[in-house]
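Residue numbering for the sequence shown is 2 to 270, as defined by the numbering used here.
First comes the structure, then the notes that go with it.
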Amino acid sequence: MELIIYLLIGAIAGFTAGLFGVGGGLIIVPILYIVFTHMDYDANVIMHMAVGTSLATIIVTSISSVMAHHKKGAVLWSVFKNLAPGLVVGSFLGAGIADYLSGYGLQLLIGFFAVWVASKMFLGANTKIDPNKHLPSASVQLAAGGGIGIASAIFGIGGGSLTVPFLNKCGVVMQKSVATSAACGLPIAVAGALGFMWFGQQSEISVPNTIGYVHIYAFIGISLMSFFTAKLGAKVAHLLSPVMLKKCFATLLSVVGIYFIYQGISAIL
Numbered sequence: 002m003e004l005i006i007y008l009l010i011g012a013i014a015g016f017t018a019g020l021f022g023v024g025g026g027l028i029i030v031p032i033l034y035i036v037f038t039h040m041d042y043d044a045n046v047i048m049h050m051a052v053g054t055s056l057a058t059i060i061v062t063s064i065s066s067v068m069a070h071h072k073k074g075a076v077l078w079s080v081f082k083n084l085a086p087g088l089v090v091g092s093f094l095g096a097g098i099a100d101y102l103s104g105y106g107l108q109l110l111i112g113f114f115a116v117w118v119a120s121k122m123f124l125g126a127n128t129k130i131d132p133n134k135h136l137p138s139a140s141v142q143l144a145a146g147g148g149i150g151i152a153s154a155i156f157g158i159g160g161g162s163l164t165v166p167f168l169n170k171c172g173v174v175m176q177k178s179v180a181t182s183a184a185c186g187l188p189i190a191v192a193g194a195l196g197f198m199w200f201g202q203q204s205e206i207s208v209p210n211t212i213g214y215v216h217i218y219a220f221i222g223i224s225l226m227s228f229f230t231a232k233l234g235a236k237v238a239h240l241l242s243p244v245m246l247k248k249c250f251a252t253l254l255s256v257v258g259i260y261f262i263y264q265g266i267s268a269i270l
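Here it is as structure tokens:
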């Protein structure tokens, strides 16, 4: 039964990853939080495990998603090369920062972040990309990658909710932003997952079937299914209009954000 749950999560997360270029973390984190809670795991580490496991699964999801986007020629590899070093360093540091946060603090942080990004995306959904805008210099892109990496590891979301708006603001159309974001999810996921494994082991987590903050069974189940469904999501992304894609993306972020804010405040009160 446990494996079936993880396979179902993987199917939904994979499709979402391909569709929105977010690595599926926005779906994986809240669902894993619910599953781990019902399994009576240590409440102090449940949120960290959800984020760490999410990042681990994004490794597989990103590979599948970016392959589908690459076939359509939508990935800006030159931009990826500029962002990648910052993404790697930032993601590992982000895992260390998350390790110092309480579970409830992490919930609230993720919730408010998701709602903020959703509002920015929704309000700008009908805004046309300015063709006169250009990507900044390589050094600025490197620094941006560092910031995106830190935030992404803390939130366990693969970087899409930051990478996509960043590229949009720089004049990159939505489909190419999503595709490039999917590629950026790989270095974020690898460095972030290793960070959560490392810092989790230092904290001596007592939950079975884990390496640090990464749950092995959940990782395997979600990864197996998401690898296939991510390709379907990527195909659908190229059938939708940029405006519709932005609105769907913003709606998803809003739902997840409100959920975590509610959970975090309820726990504190």
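Quick reminder that beta carbons are idealized off the backbone N, C-alpha and C, glycines included.
Query: Counting along the chain, where does the alpha helix (DSSP H) carrying HIS239 start and finish?; Result: Unbroken run through HIS239: none, as it is neither H nor E.
Query: Can you name, in chain order, every residue of its own chain whose Cβ lies under 6 Å from the Cβ of ALA12, other than the five neighbours on each side?; Result: MET226 and THR230
Query: Can the beta-carbon of ILE60 be found closer than 7 Å to that of ALA152?; Result: no
Query: Rounding to the nearest angstrom, what Cα-Cα distance links LEU110 and VAL67 in this structure?; Result: 28 Å
Query: For ASP100, does the count of other Cβ atoms within 10 angstroms reach 16, so buried, or fall short, so exposed?; Result: buried
Query: Where do the N-terminal and C-terminal ends of the alpha helix (DSSP H) with LYS170 fall, by residue?; Result: 161-170
Query: What residues are listed by DSSP as bridge partners for ILE212?; Result: VAL215
Query: Mind checking PRO188: buried by the 16 CB within 10 Å criterion, or exposed?; Result: buried
Query: At which residues does the alpha helix (DSSP H) containing GLY146 begin and terminate?; Result: 139-156
Query: Helix or strand or just coil, what does DSSP make of VAL174?; Result: coil
Query: Excluding sequence positions up to five away, which residues of its chain have a Cβ less than 8 Å from the Cβ of ILE64?; Result: LEU187 and PHE228
Query: If distances are taken between C-alpha atoms only, which option among LEU143, VAL173 and LEU102 comes closest to HIS135?; Result: VAL173
Query: Could you give the first and the last residue of the continuous alpha helix (DSSP H) run that contains TYR101?; Result: 78-101
Query: Secondary structure at GLU205, three-state DSSP: helix, strand or coil?; Result: coil
Query: Using a Cβ-Cβ cut-off of 8 Å (strictly less than) and excluding sequence neighbours within five positions of SER103, which residues of its own chain qualify?; Result: ASN45
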